[in-house]
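In our numbering, the protein residues as written are 2 to 129.
Below: the structure, in structure tokens.
Rendered as structure tokens:
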């Protein structure tokens, strides 16, 4: 656990008396952890968010090159889902050729602390 999160903190809903529900009554889908995972699940979403954190604004083709082996359709679907969930914004410029840029929203920026912690953990624990 991190220093700023008390060891007794949980994302599980608890009864009003502060006791923990028995596992038979617990519902993972009602936790904050489940909600967060639902926003960033998939092979590419966290990498897209990380790219935007480091380099925003980013154009579609720049993002595709950054991610490496990803089809246009897969990238497009992931970007649309992140936009629908309010984590990124898509700005279209009316010019020829068309120009579209993606950036983090305020909500997306608030999630970067979590991803940054993951990066820090990975840097500290990956094999050299």
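Quick reminder that beta carbons are idealized off the backbone N, C-alpha and C, glycines included.
Contact annotation: residue 38 and residue 109 have beta-carbon atoms that are not nearer than 9 Å. Residue 105 is positioned such that its CB atom lies closer than 9 Å to that of residue 88.
In the pairwise beta carbon analysis, the segment 118-127 is classified as not touching the segment 63-83: fewer than three pairs are separated by under 8 Å.
Here DSSP, grouped into helix, strand and coil, assigns residue 38 to helix. Beta-bridge analysis with DSSP links residue 89 to 105. A direct Cα-Cα distance of roughly 22 Å separates residue 71 from residue 92. With a cutoff of 9 Å on beta-carbon distance, residue 58 and residue 102 are scored as near each other. Annotation: residue 22 is outside any alpha helix (DSSP H) and is labelled neither H nor E by DSSP.
In this structure, 50 is the residue among 33, 50, 25, 95 with its C-alpha nearest to the C-alpha of residue 83.
Per DSSP, the continuous alpha helix (DSSP H) segment holding residue 49 begins and ends at 46-56. Residue 62 and residue 32 have their C-alpha atoms spaced approximately 36 Å apart.
In this structure, DSSP gives residue 60 an extended state, which the three-state scheme calls strand.
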